[in-house]
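**Student:** Structure in structure tokens, see below.
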Amino acid sequence: MKVFFDALGCPKALVDAEKIASIVQGAEHEIVLSPDDAQVVIVNTCGFIEQAKQESIDTILSYAELKKQRPDLKLIVSGCLTERYRNDLAESIPEIDSMIGVRDISKILKAIAEQSRDILDSGEYREHDFDGSRTGLFSGMNYAYLKISEGCARQCSFCAIPAIRGKLRSRTIEDILNEARFLRENWGTEELILISEDTSFYGIDLYGEKSIIKLLEKLLEIDFHWIRLMYLFPDPVVEEIAVLMKREPRICRYIDIPLQHASAKILASMNRPGNAEEYLEMIGRVRDTVPEISIRSAFITGYPGETEEDHDILKKFLSGAALDRVGFFEYSDEEGTPAFDIGNKVPKRTAAKRTAELMGLQEKISIARLERRIGRVLECVNDGSSVEETGDTTLILRSEYDAPEIDGSVIVKTQSGITQEESFFNVRITGVIAPHDLQGEIVERE
């Protein structure tokens, strides 16, 4: 069968999609790059917040329309949305032929083979050790994501992830190393990006203690150029990571640590630890250890009960923290979460206004942080993106201070003698392209 994949959602969902694609390829089905060439379309969905759910539903509906023109086309839906809304989807979109959740992706072959409509039961969570293969369908030219655990042990009031993906289930260090070696030896991966629902808590269920440092030390034995960490929780282990980062230059001087808010009242309602003062102190200690570190975070605006005073606390915190990159998300009321039942909802118009205000403030901060890099020579990875204009080629590179897709780029005009296939370039930063990017010129590597 010819199979087309449409993968939506976060990097964790993309890794799931690559696992599904690997199973499909292993059964000798052919993966094609256009739905027009496919006999089967698989949509891997996201069901985390309202915006992501709507994108997933719109995508499914677009293929439902295609199916009306091609009745023999099989439409399979997988991922978080099906885990949460299996029965609703089956009832409202009859064009869906089969659905699998996140609990047992190996059912994809049964879904492809079934001749009649089959809404597969999700069943128990099944873990899948690395089987020696993985398709790079959604990975970059030089980077790959590696998921180190499934599920989450935290119980944040606004979050549906534990209900969708279950409790924390860490992979063994050896299993992770097997996949890491495969990525390096078979794909030539230069940048390994560690992801999970909560990277800080890795290993506590298997080894009785947080084991991310032990894992990093083992991964450093493999000759990756860079190792990047995403999705850290505000936990003391973050400062241990900074100490290791200072000692090991191959660990990117970058952390992604969603803080969600700065008001102690709102954080307590979210069932999260900390307050503005504690977070500022943590950020200060991390920067004392690694002065050049780039810190990314994320915040929710319009959480139930958020007052103007809480909003002002967050604004003041952002000014003091001077974070490099920040994502803002208006609160999404998710059924089945404790926050869903909290009264005193913030009007959408108010939440949108607060979001815009925070974004305007943070944009100025982010630009100022970027300007600090002007004049420096940064090592930049080539993700394979370029723009051709009137005979000139512009390379879109990325430094260790930015993660792929979500952060900024380093924009460089090519020069004679430059080979676009090179993995890394040294770039002297000459300016800022507001609000997210840097520009520069390639200099000779030593």
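Number 951 in the numbering used here belongs to position 102 of the sequence shown; there are no gaps in the numbering. Cβ atoms here follow ideal geometry from the backbone N, Cα and C, with glycine treated the same way.
Taking only three categories from DSSP, how would you classify L1186?
**Tutor:** Correcting the residue identity first, residue 1186 is Thr in this sequence and not Leu. T1186: coil per DSSP, three-state reduction.
**Student:** In the structure shown, what three-state DSSP assignment does S1118 receive?
**Tutor:** Here S1118 sits in helix by DSSP.
**Student:** Decide if K868 is buried, meaning its Cβ has at least 16 other Cβ atoms within 10 Å, or exposed.
**Tutor:** Burial call: buried.
**Student:** Assuming S955 and I872 are in contact, meaning their beta carbons sit under 8 Å apart, how far apart are those beta carbons, in whole angstroms?
**Tutor:** Contact holds; Cβ gap of about 6 Å.
**Student:** Any idea if V1236 is buried or exposed, counting beta-carbon neighbours within 10 angstroms, 16 or more meaning buried?
**Tutor:** V1236 is exposed by the Cβ-count criterion.
**Student:** Give the single residue among A866, P920, V864 whose Cα lies nearest to the Cα of Q888.
**Tutor:** It is P920 whose Cα lies nearest to the Cα of Q888.
**Student:** Measuring straight from C-alpha to C-alpha, what distance separates L924 and K1063?
**Tutor:** Cα to Cα, L924 sits roughly 43 Å from K1063.
**Student:** With a CB to CB cut of under 6 Å and the five nearest residues on each side skipped, what residues in its chain are close to A1113?
**Tutor:** Contacts found: N1124.
**Student:** In angstroms with no decimal places, state the Cα-to-Cα distance between D1256 and Q918.
**Tutor:** Spanning the two alpha carbons is a distance of roughly 39 Å.
**Student:** Tell me, which residues are paired with W1075 by DSSP?
**Tutor:** According to DSSP, which records beta bridges pairwise, W1075 is partnered with E1040.
**Student:** Could you tell me the alpha carbon to alpha carbon distance between R1203 and K1165, rounded to whole angstroms?
**Tutor:** In a straight line, the C-alpha of R1203 is about 13 Å away from that of K1165.
**Student:** Below 7 Å between beta carbons: does that hold for I1291 and V1259?
**Tutor:** Going by C-beta atoms, I1291 is not nearer than 7 Å to V1259.
**Student:** Hey, quick one: how far does the alpha helix (DSSP H) through Y1056 stretch, first residue to last?
**Tutor:** Start and end: 1053 to 1056.
**Student:** Using the C-alpha atoms, what's the distance from N1193 back to G1233?
**Tutor:** If I take the Cα positions, the gap works out to 48 Å.
**Student:** Any idea which residues DSSP pairs K851 with across the strands?
**Tutor:** In DSSP, K851 forms a bridge with E879.
**Student:** Taking only heavy atoms of the ligand FMN into account, decide whether any of them is closer than 6 Å to the Cβ of P884.
**Tutor:** Here there are no bound small molecules, and the ligand FMN is not part of this structure.
**Student:** Output the boundary residues of the beta strand (DSSP E) element that contains E1179.
**Tutor:** Segment 1174 to 1179, the beta strand (DSSP E) holding E1179.
**Student:** Give every residue of the same chain whose Cβ lies closer than 8 Å to the Cβ of A913, excluding the five residues on either side of it in the sequence, and list them in chain order.
**Tutor:** Only L924, I942, E944, I945 meet the Cβ criterion.
**Student:** DSSP on F1148, reduced to helix/strand/coil?
**Tutor:** Three-state DSSP puts F1148 in a strand.
**Student:** Could you check the C-alpha separation between R1020 and G858 for me, to the nearest Å?
**Tutor:** So the two alpha carbons sit approximately 22 Å from each other.
**Student:** Less than 6 Å between C-beta atoms, sequence neighbours within five positions excluded: which residues of the same chain meet that for A856?
**Tutor:** Closer than 6 Å at Cβ, skipping near neighbours: L863, A866, N893, F987.
**Student:** Can you tell me whether D1241 is buried or exposed, with buried defined as 16 or more other CB within 10 angstroms of its CB?
**Tutor:** Per the 10 Å Cβ criterion, exposed.
**Student:** Which full runs of the alpha helix (DSSP H) of 4+ residues lie inside the segment 879 to 950, going along the chain?
**Tutor:** Here the runs fully enclosed are 899 to 918, 929 to 941.
**Student:** Can you find at least 3 beta carbon pairs, one from the segment 1276 to 1288 and one from the segment 1065 to 1077, that sit closer than 8 Å?
**Tutor:** Too few Cβ pairs lie closer than 8 Å, so no.
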